[in-house]
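J.: What follows is a single structure, and I will ask about it in a moment.
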Amino acid sequence: MSDYLSPGCFVRLDGRPDWGIGQIQTAIGSRVTVNFEHAGKQLINTDRVSLVAVDNETVTR
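Under the working numbering, the first residue of the sequence shown carries the number 1, and numbering increases by one thereafter.
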């Protein structure tokens with residue numbers, strides 16, 4: 001598992017900027033559960049789509 005795919009890290013889903021920033025809840029292999037600002041909790045298969053790391057210091061909550 002990549003460091004940026006660790007629980008607590010912030011990401012965006014490549015191709016879905018409308019979902020906003022998400023925080024990783026769990027990551028098991030290529031299955032990552034992310035809680036997005038505008039799409040709620042989603043199970044993402046990173047073999048099919050890319051998650052882009054967001055710098056924690058740029059996240060405003």
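For glycine and all other residues, C-beta sits at the position ideal for the given N, C-alpha and C.
Here's the rule: buried if 16 or more other CB atoms are within 10 angstroms of the residue's CB, otherwise exposed. What is Val-49?
T.: So Val-49 ends up on the exposed side.
J.: Are Gly-20 and Phe-36 close, meaning C-beta to C-beta below 7 Å?
T.: Cβ distance < 7 Å, so Gly-20 and Phe-36 count as in contact.
J.: Is the separation between the beta-carbon of Ile-44 and that of Val-32 shorter than 7 Å?
T.: In this structure, Val-32 lies closer than 7 Å to Ile-44 by Cβ.
J.: Within its chain, find whatever has a CB closer than 6 Å to the CB of Val-34; leave out the 5 residues flanking it on each side and keep chain order.
T.: Within the same chain, Val-34 has close Cβ partners Gly-22, Ile-24, Gln-42, Ile-44.
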